[in-house]
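Student:
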Amino acid sequence: HELNDKIKEKIARFCNVSPRSVIQSKDAESIYNVPLLMAKEHLDEISLEKLRMPNKDDLNLSDWNVFLNRLKNPKSSVKIGLIGKYVELQDAYKSILESFIHAGVANESKVNIILINSSELNQNTVNEKLGYLDGIIVAPGFGDRGIEGKISACKFARENKMPFLGICLGMQCAAIEFARNVIKLKGAHSTEMNKKTSFPVIDLMEDQKKTSKLGGTMRLGTYDCKIKKGSLLHKVYGEQSIKERHRHRYEFNNLYLDDFEKNGLMASGTNTKTDLVEAVELDDHPWFIGVQYHPEYKSTVELPHPLFVEMVSACISYRSKQQEEIISATLKNS
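Quick note on the working numbering: the sequence shown kicks off at 61 and runs consecutively.
1) Check each candidate in Glu62, Met326 and Glu69 and name the one with the smallest Cα separation from Lys100.
2) Put Asp123 into one of helix, strand or coil per three-state DSSP.
3) Buried or exposed for Glu356, please, with buried defined as at least 16 other CB atoms from any protein chain shown within 10 angstroms of its CB.
4) Check each candidate in Asp104, Ser85, Asp284 and Gly226 and name the one with the smallest Cα separation from Asn120.
5) Compare the C-alpha of Val351 against each of Ala339, Val361 and Asp344 and name the closest.
6) Indicate the three-state DSSP secondary structure (helix, strand or coil) for Glu101 in the structure shown.
7) Taking the CB atoms as reference points, tell me whether His306 and Gly281 lie closer together than 8 Å.
8) Which residue from Ile106, Lys86, Glu89 and Ser85 puts its Cα closest to that of Ser78?
9) Taking only the alpha-carbon atoms, compute the straight-line gap between Ala213 and Met98 and give it to the nearest angstrom.
10) What are the boundary residues of the alpha helix (DSSP H) that includes Gly209?
11) Gly226 to Tyr353, Cα distance in whole Å?
12) Measure the alpha-carbon distance for Pro346 versus Phe368 and round it to whole angstroms.
13) In whole angstroms, what separates the C-alpha of Val171 from that of Leu391?
14) Restricting to Cα atoms, I'd like to know which of Lys381, Lys154 and Glu341 is closest to Leu317.
15) Quick one, are the C-beta atoms of Leu142 and Ile197 less than 8 Å apart?
16) The alpha helix (DSSP H) that contains Leu367, what's its start and end?
17) Between which two residues does the alpha helix (DSSP H) holding Gly230 run?
18) Just to confirm before moving on: does the CB-CB distance between Asn331 and Tyr283 stay below 8 Å?
19) Do the region 201 to 209 and the region 172 to 183 touch if we need at least three Cβ pairs shorter than 8 Å?
20) Which of the three DSSP states, helix, strand or coil, is assigned to Pro355?
21) Considering only their Cβ atoms, is the gap separating Val94 from Phe127 smaller than 8 Å?
22) So does the region 361 to 378 actually touch the region 153 to 161, counting three or more Cβ pairs closer than 8 Å?
23) Restricting to Cα atoms, I'd like to know which of Met326, Val296, Ser85 and Glu385 is closest to Ala374.
24) Among the residues of its own chain, which have a CB less than 6 Å from the CB of Lys145, if the five just before and after it don't count?
25) List in chain order: all unbroken beta strand (DSSP E) runs of 3+ residues lying wholly within the region 106 to 180.
26) Mind checking who Asp284 pairs with in its DSSP beta bridge?
27) Mind checking who His308 pairs with in its DSSP beta bridge?
28) Can the beta-carbon of Pro134 be found less than 8 Å from the beta-carbon of Met371?
29) Can you find the residues in the same chain that come closer than 6 Å, C-beta to C-beta, to Ser258, ignoring five residues on each side of it along the sequence?
30) Could you tell me how far apart the beta carbons of Phe348 and Arg240 are, in whole angstroms, since I believe they sit closer than 8 Å?
31) Around the Cβ of Leu193, are there at least 16 other Cβ atoms within 10 angstroms (buried) or fewer (exposed)?
32) On a CA-only basis, which of Ser137, Leu96 and Ala152 is nearest Asp87? Give me that one, please.
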């Protein structure tokens with residue numbers, strides 16, 4: 061309900077403020093409506109007055125209104141499966157979910173995220189759980205619970221040419237799957253999950269192994285990354301030098317890099333100082349990228365992260381192609 065002037069005056073008297081300083085915050089259909097509601101209440105003007113700061117320019121929310129209009133009136137829609145182990149608590153992936161909203165608006169498309177528990181995925185259920193999707197993202201995480209389900213999702217996306225993005229552990233799962241099923245390194249794994257694996261394609265760096273404190277082995281913060289010219293990642297970013305934020309412990313093991321690249325999984329992004337692999341992609345796949353960093357940390361309404369924007373675009377193309385094939389098959393059989 062709207063607060064009328066009489067109620068505002070009463071609240072103002074009890075709170076020892078002016079009636080104009082009583083700001084109502086109504087329920088909104090989206091958090092993205094809140095700035096407009098606050099502007100209607102003149103919160104910006106009142107805040108500047110209280111802080112004795114100059115109000116130089118009139119508030120311009122035209123770009124925000126364009127964003128909201130696109131959000132509410134999409135021209136297409138896609139379904140993207142988020143494969144994770146904490147799906148019961150959606151806020152665990154809040155940054156990723158918001159990043160897909162930003163990317164969907166940039167593509168004028170509604171992105172429907174289907175949360176899928178990785179523990180429920182295996183070779184017997186993967187077609188049923190993932191077959192109807194337009195794209196797959198394998199989310200970050202720690203520990204071995206549900207890891208084989210994530211690896212199965214990577215295999216499904218690779219074999220079915222479905223748009224794929226792996227973030228942090230998601231990239232590592234893509235590397236493990238490729239090592240096992242393409243390079244034929246039987247039992248390849250991460251030493252996080254199996255310290256005795258014969259093929260540790262994901263491992264701690266040597267200097268990290270000397271650190272006894274668990275938190276001390278984390279690679280945290282922003283690092284420079286050089287992108288291979290002509291790669292899909294280069295096309296996504298439009299530049300060869302980027303900065304991205306990290307939060308992880310284990311790394312791609314460069315001892316196996318030649319084997320990966322000879323078989324079609326390219327290191328398209330590397331750390332400028334250490335040559336650690338920061339991003340991988342498949343040579344013979346329309347859109348398959350894994351990144352060791354967290355692009356979701358940098359996505360905003362005004363600057364949606366290019367990885368999410370381009371993934372949604374790839375999902376739209378994939379969906380369109382699938383629909384064309386269904387129509388073609390129907391006409392052929394009629």
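Heads up, the beta-carbon is just placed ideally off N, CA and C, and yes, glycines get one too. In this text, all values refer to a predicted model and were calculated from it rather than measured experimentally.
Tutor: With the given structure in hand:
1) Glu62
2) helix
3) buried
4) Asp104
5) Ala339
6) coil
7) yes
8) Ile106
9) 43 Å
10) Ile207 to Glu219
11) 10 Å
12) 15 Å
13) 29 Å
14) Glu341
15) yes
16) Pro366 to Asn393
17) Leu229 to Asn241
18) yes
19) yes
20) helix
21) no
22) yes
23) Val296
24) Ser178, Gly201, Arg205 and Gly206
25) 136 to 144 and 169 to 177
26) Lys303
27) Arg279
28) no
29) Gly247
30) Not confirmed; about 16 Å, so no contact.
31) buried
32) Leu96
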